[in-house]
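S.K.: Those letters in the sequence shown? Residues 87 to 546, by my numbering.
Glycine included, each C-beta is placed from N, C-alpha and C at the ideal position.
It should be emphasised that the depicted structure is a prediction, and the values quoted were computed from it without experimental measurement.
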Amino acid sequence: MITDLAKIIVRFRAYWALIRGLRDFIEDYPFDEIAIKAIKGRNAVYPFGEVATYGSAILGSGVYDRRGFPRVKTLDNSIILLPPAFTPRRLDKMAELLREPTFMDVNLEGSLGGFKASMPMVVGSMGSTAIASSFSLDIARATAKAGIIMGIGENVATVRGYSRRYTRGHPSFKERLMAYLTNVDKYGGVIIQQNVEDAYDELWNKVYSDKDVEPYIEEGLVGFEIKMGQGAKPGLGGVIKIPKEEAIRLKAKYHFEIDPEKVKDKFITRYSVPGTYTEDILRGMIRFMKTAYPRARIWIKLGPYRDVDRVISIAYEEGAHAVVIDGKEGGTGMAPSVAMKDLGYPTIAALKKIHDARKLGITDTSLLLAGRLYNGSHVVKAMALGASGTYMARPFLIAAMVKGERGVLNYIEAVKEEMQMLVSALGKYDIKEVGTEDIAAIDKDIAEMFGVPYVYSSSF
87 MITDLAKIIV RFRAYWALIR GLRDFIEDYP FDEIAIKAIK GRNAVYPFGE VATYGSAILG
147 SGVYDRRGFP RVKTLDNSII LLPPAFTPRR LDKMAELLRE PTFMDVNLEG SLGGFKASMP
207 MVVGSMGSTA IASSFSLDIA RATAKAGIIM GIGENVATVR GYSRRYTRGH PSFKERLMAY
267 LTNVDKYGGV IIQQNVEDAY DELWNKVYSD KDVEPYIEEG LVGFEIKMGQ GAKPGLGGVI
327 KIPKEEAIRL KAKYHFEIDP EKVKDKFITR YSVPGTYTED ILRGMIRFMK TAYPRARIWI
387 KLGPYRDVDR VISIAYEEGA HAVVIDGKEG GTGMAPSVAM KDLGYPTIAA LKKIHDARKL
447 GITDTSLLLA GRLYNGSHVV KAMALGASGT YMARPFLIAA MVKGERGVLN YIEAVKEEMQ
507 MLVSALGKYD IKEVGTEDIA AIDKDIAEMF GVPYVYSSSF
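1. By Cβ distance, which residues of its chain are closer than 6 Å to Gln-280, with the 5 residues on each side in sequence left out?
2. Pairs of beta-carbons, one from the region 398-405 and one from the region 365-374, closer than 8 Å: are there three or more?
3. I'd like to check one pair, Gly-361 with Gly-416: are the Cβ atoms closer than 9 Å?
4. With DSSP run on the structure shown, which of helix, strand or coil describes Gly-389?
5. Would you mind working out which of Lys-202, Tyr-273, Leu-454 sits nearest Val-394, comparing C-alpha positions?
6. Exposed or buried, Ile-120, counting other C-beta atoms within 10 Å across all chains shown (16 or more means buried)?
7. Hey, out of Ile-344, Ser-423, Lys-319, Arg-356, whose CA is closest to Leu-336's CA?
8. Figure out for me which residue from Ala-511, Pro-432, Met-180, Gly-462 has the closest Cα to the Cα of Glu-499.
9. Nearest to Glu-283 by alpha carbon, out of Gly-309, Tyr-340, Phe-353, Pro-301?
10. Can you check the region 468-530 for any alpha helix (DSSP H) of at least 4 residues that lies completely inside it and give the ranges in chain order?
11. Assign Lys-179 to buried or exposed, taking buried as 16 or more other Cβ atoms, counted over all protein chains shown, within 10 Å of its Cβ.
12. Does the distance from the C-beta atom of Gly-389 to that of Asp-412 stay below 9 Å?
13. How is Asp-412 classed by DSSP in three states: helix, strand or coil?
14. Can you find the residues in the same chain that come closer than 7 Å, C-beta to C-beta, to Ile-334, ignoring five residues on each side of it along the sequence?
15. Report the three-state DSSP secondary structure of His-441 (helix, strand or coil).
16. Between the Cα of Leu-471 and those of Phe-536, Tyr-431, Gly-255, Asn-496, spot the shortest distance and give me the residue it belongs to.
17. Leaving out five residues before and five after Leu-183 in sequence, what residues of the same chain have Cβ atoms less than 8 Å from its Cβ?
18. Along the chain, where does the beta strand (DSSP E) containing Arg-356 start, and where does it finish?
19. Give a yes or no on contact between the region 517-536 and the region 230-245, applying the rule of three or more CB pairs nearer than 8 Å.
20. Once you ignore the five residues that flank Phe-353 on each side, which residues in its own chain have a CB closer than 8 Å to its CB?
21. Looking at Asn-163 and the ligand SAH, is the gap between the Cβ and the nearest heavy atom below 8 Å?
22. Give the secondary structure of Lys-337 by DSSP, where H, G and I count as helix, E and B as strand, and everything else as coil.
23. Hey, would you say Val-308 sits closer than 9 Å to Arg-383, going by beta carbons?
24. Across which residues does DSSP place Glu-311 in a beta bridge pair?
25. Quick one: using the 10 Å Cβ neighbour count with 16 as the cut-off for buried, is Asn-163 buried or exposed?
26. Helix, strand or coil: how does DSSP classify Met-362 here?
27. Rank Gly-321, Arg-176, Arg-157, Ile-225 by C-alpha distance to the C-alpha of Ile-480 and give the top, closest one.
28. To which residues does DSSP link Met-212 through a beta bridge?
29. How many angstroms separate the CA atom of Leu-168 from the CA atom of Lys-518?
30. Enumerate in chain order the residues of its own chain whose CB-to-CB distance from Tyr-497 is below 6 Å, with the five nearest sequence positions on each side excluded.
31. Does the pairing of the region 419-430 with the region 318-325 give three or more beta-carbon distances under 8 Å?
32. So, helix, strand or coil for Val-293, using DSSP?
33. Are the beta-carbon atoms of Tyr-266 and Glu-195 separated by less than 9 Å?
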């Protein structure tokens with residue numbers, strides 16, 4: 087009897103060990119990733135079906151692993167702001183105002199990439215994906231009223247139409263553009279991307295010669311943005327899923343793995359090319375733009391590339407107005423999972439590139455940071471380490487999803503107040519005055535990277 091019971095216990099423990107081992111294998115090994123690829127083939131390259139249906143997702147590289155541990159170092163988990171006890175600039179402000187200053191007295195206005203801006207935030211250029219398109223007018227109207235610069239991304243005119251809507255429920259390029267420009271008051275500006283496929287239709291030429299846009303160009307409210315990459319998929323071109331009938335219409339301009347006319351699928355993946363650049367090509371492009379579009383501001387959007395420093399130098403030498411560096415955590419409507427995980431470096435490393443450029447004396451060109459930034463603290467920290475401002479898209483899109491135009495305005499008001507409170511706490515009353523003296527690190531590597539105090543060191 088005892089022997090039989092012992093055998094049962096041993097067998098149970100053996101089965102339990104097998105089950106536990108299988109569980110640990112599935113948890114620790116990418117079982118689901120491989121299984122999904124086995125089921126879906128090339129469609130498994132993208133995360134849709136795992137996290138969301140295409141068109142309703144806002145993606146970006148994760149900053150935590152499966153077990154909740156940080157995968158990358160961020161402005162949140164590595165850097166803090168250091169307010170002082172003695173605040174001589176507060177005393178200066180008090181003398182100017184003839185009263186004790188408050189956080190509401192902090193100035194956020196300034197010049198950014200050739201535009202006058204009410205605050206150092208830019209709405210990143212969002213393209214033709216369904217979700218970005220659906221809320222584009224709310225974002226355009228709200229940010230124009232708030233005096234924030236806004237970008238319009240690649241493929242919008244080609245996929246959604248320049249002035250006439252190609253797809254029901256999705257504004258044309260010009261609707262998005264004019265929703266912004268007709269609501270601008272004292273501050274703001276709009277930057278327009280043109281990729282290889284947009285260039286087939288001469289998008290920038292159309293805009294620059296459009297009689298409806300002409301008065302705003304003359305006012306200095308229009309810029310053109312060279313898209314050399316983005317954080318979520320550096321080195322790769324844009325990609326979206328579109329209905330089969332749209333794919334057939336666009337097949338002469340875009341790239342498809344399978345001829346749209348030969349498949350039964352209702353939605354087909356459409357690819358853009360990333361464009362080809364050398365140092366000479368970029369120099370020539372900036373020079374051409376300055377000649378062909380002399381009244382337009384020139385911006386350059388980069389992914390987390392290893393030779394970002396060369397692009398910044400060329401932009402500075404050739405007189406471009408702004409360079410944006412998008413860290414790997416940057417948002418996207420659609421990107422391969424492997425690209426979001428393994429291509430490029432984190433946003434905080436992109437900020438180091440900006441920090442280094444400033445130390446080399448590149449001061450006239452606006453350098454903006456992008457990649458999972460969404461609050462006032464991120465803006466202040468980025469500027470303290472050399473950035474001219476931040477370039478953000480997902481926060482504005484989420485705010486519009488929650489409460490339309492009013493939601494975007496509410497979000498802007500909240501972030502504005504956060505910035506003012508933090509700058510005031512640092513004893514300063516203009517956000518452009520923040521610097522490395524206001525920064526410390528709670529991570530030793532980050533402290534060494536930026537040359538700022540490490541709060542856990544004996545010398546702090």
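M.R.: In brief:
1. To locate residue 280, count along the sequence shown from 1; it is residue 194. Exclusion of the five residues before and after Gln-280 leaves Leu-289, Trp-290 as the residues of its chain whose Cβ lies within less than 6 Å of its Cβ.
2. Result yes; three or more Cβ-Cβ pairs closer than 8 Å.
3. For the purposes of this step, residue 416 is identified with residue 330 of the sequence shown, where counting begins at 1. For the purposes of this step, residue 361 is identified with residue 275 of the sequence shown, where counting begins at 1. No, Cβ-Cβ distance for Gly-416 and Gly-361 is not below 9 Å.
4. Indexing the sequence shown from 1 puts residue 389 at position 303. It is coil, neither helix nor strand.
5. The residue given as residue 394 occupies position 308 in the sequence shown. Cα-wise, what sits closest to Val-394 is Leu-454.
6. Within the sequence shown, numbered from 1, the residue matching residue 120 stands at position 34. Flag for Ile-120 reads exposed.
7. Your numbering for residue 336 matches position 250 in the sequence shown. Just measuring C-alpha positions, the residue of Ile-344, Ser-423, Lys-319, Arg-356 sitting nearest Leu-336 is Arg-356.
8. For the purposes of this step, residue 499 is taken as the residue at position 413 of the sequence shown. Scanning Ala-511, Pro-432, Met-180, Gly-462 for the CA closest to the CA of Glu-499 turns up Gly-462.
9. Working through the sequence shown from its first residue, we reach residue 283 at position 197. The shortest C-alpha separation from Glu-283 is found at Tyr-340.
10. The qualifying runs are 480-511.
11. As a first step, residue 179 must be located in the sequence shown, where it is residue number 93. Result: buried.
12. Your numbering for residue 389 matches position 303 in the sequence shown. Your numbering for residue 412 matches position 326 in the sequence shown. Remark: C-beta atoms of Gly-389 and Asp-412 approach each other more closely than 9 Å.
13. Within the sequence shown, residue 412 is the residue found at index 326, counting from 1. Note: Asp-412 maps to strand in three-state DSSP.
14. Within the sequence shown, the letter at position 248 stands for residue 334. Only Pro-346, Glu-347 meet the Cβ criterion.
15. Translated into positions along the sequence shown, residue 441 becomes position 355. For His-441, the three-state secondary structure derived from DSSP is helix.
16. For the purposes of this step, residue 471 is taken as the residue at position 385 of the sequence shown. When each option's Cα is compared against that of Leu-471, the closest is Phe-536.
17. Counted from its first residue, the sequence shown places residue 183 at position 97. Cβ within range, chain order: Asp-191.
18. Taking the sequence shown and counting its residues from 1, one reaches residue 356 at position 270. Annotation: the continuous beta strand (DSSP E) that includes Arg-356 extends over 353-357.
19. As far as the Cβ criterion goes, the region 517-536 does not touch the region 230-245, which means the pair count is below three.
20. Taking the sequence shown and counting its residues from 1, the one referred to as residue 353 is at position 267. Hits under 8 Å: Tyr-140, Lys-327, Ile-328, Pro-329, Lys-330.
21. Looking at this structure, you won't find the ligand SAH or any other ligand, since it has none at all.
22. Within the sequence shown, the letter at position 251 stands for residue 337. In the structure shown, Lys-337 sits in coil (DSSP, three-state: anything other than H, G, I, E or B).
23. The residue labelled residue 308 in the question sits at position 222 within the sequence shown. The residue labelled residue 383 in the question sits at position 297 within the sequence shown. Going by C-beta atoms, Val-308 is nearer than 9 Å to Arg-383.
24. Indexing the sequence shown from 1 puts residue 311 at position 225. Answer is Gln-279, Trp-385.
25. By 1-based counting over the sequence shown, the position of residue 163 is 77. Asn-163 counts as exposed, since fewer than 16 other C-beta atoms from the protein chains shown sit within 10 angstroms of its C-beta.
26. Your numbering for residue 362 matches position 276 in the sequence shown. Strictly speaking, residue 362 in this sequence is Thr, with Met absent from that position. Reduced to three states, the DSSP call for Thr-362 is coil.
27. Within the sequence shown, the letter at position 394 stands for residue 480. Contrary to the premise, residue 480 reads as Arg rather than Ile in this sequence. The candidate whose alpha carbon is nearest that of Arg-480 is Ile-225.
28. For this step, residue 212 is matched to residue 126 along the sequence shown. According to DSSP, Met-212 bridges with Ile-238.
29. Indexing the sequence shown from 1 puts residue 168 at position 82. Indexing the sequence shown from 1 puts residue 518 at position 432. Going from the Cα of Leu-168 to the Cα of Lys-518 covers about 16 Å.
30. Locating residue 497 in the sequence shown gives position 411, counting from the first residue. The answer, listed in chain order, is Ala-485.
31. These segments touch.
32. Residue mapping note: residue 293 aligns to position 207 of the sequence shown, counting from 1. Val-293: helix per DSSP, three-state reduction.
33. In the sequence shown, residue 266 corresponds to position 180, counting from 1. In the sequence shown, residue 195 corresponds to position 109, counting from 1. No Cβ-Cβ contact shorter than 9 Å links Tyr-266 with Glu-195.
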